[in-house]
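Undergrad: Here you go, one structure.
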Ligand SMILES: [Zn+2]
Ligand SMILES: [Zn+2]
């Protein structure tokens, strides 16, 4: 019996493709050096990535959103009790940025 089965494309994937690029592409990537509005790349192979690097998303959140956790303005890095979080933002700031971009 030669049963042919064609799997339907998962809904999330289709949604993702239609949604296009992540809003964090509006900033340059500090990790792989991708310019603004360009996709992230794997540095060793030069292959482009559909997702953006976490460092880029952190930078984007830092640039566009206030942090609900540590109450800093856009452009100011997050801190934890006065100690700067290097290259990181609080999770809630990231959510804030996503909401503003939606
Ligand atoms: Zn990147
Ligand atoms: Zn914060």
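Residue numbers (my numbering): 7 to 108.
Where a beta carbon is used, it is the ideal one built from N, C-alpha and C, also for glycine.
Would you tell me roughly how many angstroms separate the C-alpha atoms of residue 70 and residue 105, rounded to the nearest one?
TA: In the chain shown, counting from the first residue as 1, residue 70 sits at position 64. In the chain shown, counting from the first residue as 1, residue 105 sits at position 99. Between residue 70 and residue 105, the C-alpha separation is close to 11 angstroms.
Undergrad: Residue 18 by DSSP, collapsed to three states: which one?
TA: Looking up residue 18 in the chain shown gives position 12. The predicted position of residue 18 is uncertain, since its pLDDT is 48 and thus under 50; a value taken from the coordinates is nonetheless stated next. Residue 18 falls in the helix class under three-state DSSP.
Undergrad: Give the straight-line distance between the Cα atoms of residue 107 and residue 51, rounded to the nearest whole angstrom.
TA: By one-based count along the chain shown, residue 107 stands at place 101. By one-based count along the chain shown, residue 51 stands at place 45. Taking the straight line from one Cα to the other gives about 31 angstroms.
Undergrad: So for residue 83, helix, strand or coil by DSSP?
TA: The residue labelled residue 83 in the question sits at position 77 within the chain shown. DSSP places residue 83 in coil when its eight states are reduced to three.
Undergrad: Where DSSP assigns a beta bridge to residue 90, which residues make up the other side?
TA: In the chain shown, counting from the first residue as 1, residue 90 sits at position 84. In DSSP, residue 90 forms a bridge with 85.
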